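So the structure is just underneath, and the comments pick up after that.
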Amino acid sequence: MRLIILQLFLSFIFNNVTSADVVSDAKWKSINPINHEHLIEIQNRLQKLLPNAKKALVSIETDDGVGSGVIVSEDGLVLTAAHVIGKTGQKMNVRLINGKRVSAISLGGSEISDAGMLRITQKGKWPFSPIAKRETSKVGDWCFAIGHPGGFDKKRGVVVRLGRVIGKNEDTLQSDSRLLGGDSGGPLFDFNGNIIAIHSRVSKESDQNFHVPVECFHINWDFYQEGEILTLEKLQDQGFLGVACEKTDLGLKIISVVEKSAAKQSGLKVGDYLISLDGEKLDSREELTILISLKKPNELISLEYHRGSTELSVQLALGARPQK
Numbered sequence: 437m438r439l440i441i442l443q444l445f446l447s448f449i450f451n452n453v454t455s456a457d458v459v460s461d462a463k464w465k466s467i468n469p470i471n472h473e474h475l476i477e478i479q480n481r482l483q484k485l486l487p488n489a490k491k492a493l494v495s496i497e498t499d500d501g502v503g504s505g506v507i508v509s510e511d512g513l514v515l516t517a518a519h520v521i522g523k524t525g526q527k528m529n530v531r532l533i534n535g536k537r538v539s540a541i542s543l544g545g546s547e548i549s550d551a552g553m554l555r556i557t558q559k560g561k562w563p564f565s566p567i568a569k570r571e572t573s574k575v576g577d578w579c580f581a582i583g584h585p586g587g588f589d590k591k592r593g594v595v596v597r598l599g600r601v602i603g604k605n606e607d608t609l610q611s612d613s614r615l616l617g618g619d620s621g622g623p624l625f626d627f628n629g630n631i632i633a634i635h636s637r638v639s640k641e642s643d644q645n646f647h648v649p650v651e652c653f654h655i656n657w658d659f660y661q662e663g664e665i666l667t668l669e670k671l672q673d674q675g676f677l678g679v680a681c682e683k684t685d686l687g688l689k690i691i692s693v694v695e696k697s698a699a700k701q702s703g704l705k706v707g708d709y710l711i712s713l714d715g716e717k718l719d720s721r722e723e724l725t726i727l728i729s730l731k732k733p734n735e736l737i738s739l740e741y742h743r744g745s746t747e748l749s750v751q752l753a754l755g756a757r758p759q760k
């Protein structure tokens, strides 16, 4: 019922708000708006944040289609989805909120998380939106999605959807902010005006909207900026460790070990916690995958891990990925 009321209320969202409107954090942070006053506060908060958010939004035009993105630095760094940019070094156009086209080039990303980066190549100082710090968004938070579904349309303008964060893990954030084709790569904002995720996968179900959490960008920032794209095809030819992990506060917990793999032969066990690889702290499963993807079969790596309260380390030679 709450969602229906909010969706109906969105038809009023673009009414004029004067500078005298005061936003009460206690009301827009309320888990369940219980009256008209609460809905007004949510509307006011959204209208306060939208002008700056929309300035940073871009429509991305490639040879393969259109998508969305968001500028996150004054010098023109853009976050988007990996499936929007396709490959590294690809020339494309981005359209600003006023419809102006500027040239850009794709940098890096990951097919696994669907995180992608590109950079505006024309000189200038570009409007941008701030990225949320790691681990600041949580289930239940208010959020809003913006994008250019179907491509840039100056007459229609930016499409805005209000919602809540309804699920989150290290790889995916789920919201009930309804996404459409062409939204991919656009930003999901929190109610402090910070980007908390990038739109990734669209569904016909109103609550099946999936986004790349900003944590994926934070952890792999340098890798993406250097123009590297992690692809499933690339993984097939690179080194293979042979573990499946889940992220915990203690490190990457090994939940399975492939028989006859490098991990198995080195003595790694289910329940061990991986801490670092070649001195690089491991913050996510994707980071482990990226670091392994930079190695060849038979290349030596050094792993630090915990088994119970004991700190251990091992040097091992990576294997080859099993052929399907």
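Take the working numbering: the final residue in the sequence shown is number 760, and no numbers are missing along the way. Backbone N, C-alpha and C fix where the C-beta goes; we use that ideal spot for every residue, glycine too. From a predicted model like this one, the values you see are computed outputs, not experimental measurements.
Asked: Whole-number beta carbon distance between Ser549 and Lys523, since they are thought to touch under 8 Å; Found: That pair is no contact at about 16 Å.
Asked: Residue from Glu669, His474, Glu571 whose Cα sits closest to the Cα of Asn630; Found: Glu571
Asked: Complete runs of the beta strand (DSSP E) confined to the region 467 to 531 [at least 3 residues]; Found: 493 to 498, 501 to 507, 513 to 517, 527 to 531
Asked: Touch test, the region 508 to 524 against the region 544 to 562, Cβ-Cβ under 8 Å, three pairs minimum; Found: yes
Asked: CB-CB length for Arg600 against Gly576, believed under 8 Å; Found: 6 Å
Asked: Delimiting residues of the alpha helix (DSSP H) encompassing Ile548; Found: Looking at the DSSP string, Ile548 is not in any alpha helix (DSSP H), and its letter there is neither H nor E.
Asked: Residue burial classification, His472 (beta-carbon count within 10 angstroms, cutoff 16); Found: exposed
Asked: Per-residue burial, Ser749 [other beta carbons within 10 Å of its own, 16 or more giving buried]; Found: exposed
Asked: Segments of 4+ residues assigned as alpha helix (DSSP H) that fall wholly inside the region 613 to 693; Found: 650 to 655, 657 to 661, 668 to 673
Asked: Nearest residue (CA-CA) to Thr725, options Gln644, Ile655, Lys491, Gln759; Found: Ile655
Asked: Touch test, the region 679 to 695 against the region 641 to 657, Cβ-Cβ under 8 Å, three pairs minimum; Found: no
Asked: Three-way DSSP call (helix, strand, coil) for Thr608 in this model; Found: coil
Asked: Cβ pair count under 8 Å reaching 3, the region 523 to 537 against the region 489 to 500; Found: yes
Asked: Straight-line gap, Ser697 to Ser613 (C-alpha atoms, nearest Å); Found: 42 Å
Asked: Beta-ladder partner(s) of Arg597, from DSSP; Found: Ala581
Asked: Three-state secondary structure assigned by DSSP to Ala462; Found: Residue confidence for Ala462 is low, a pLDDT of 45 falling below 50, so the modelled location carries little weight; the figure read from the coordinates is stated next. Correct three-state label for Ala462: helix.
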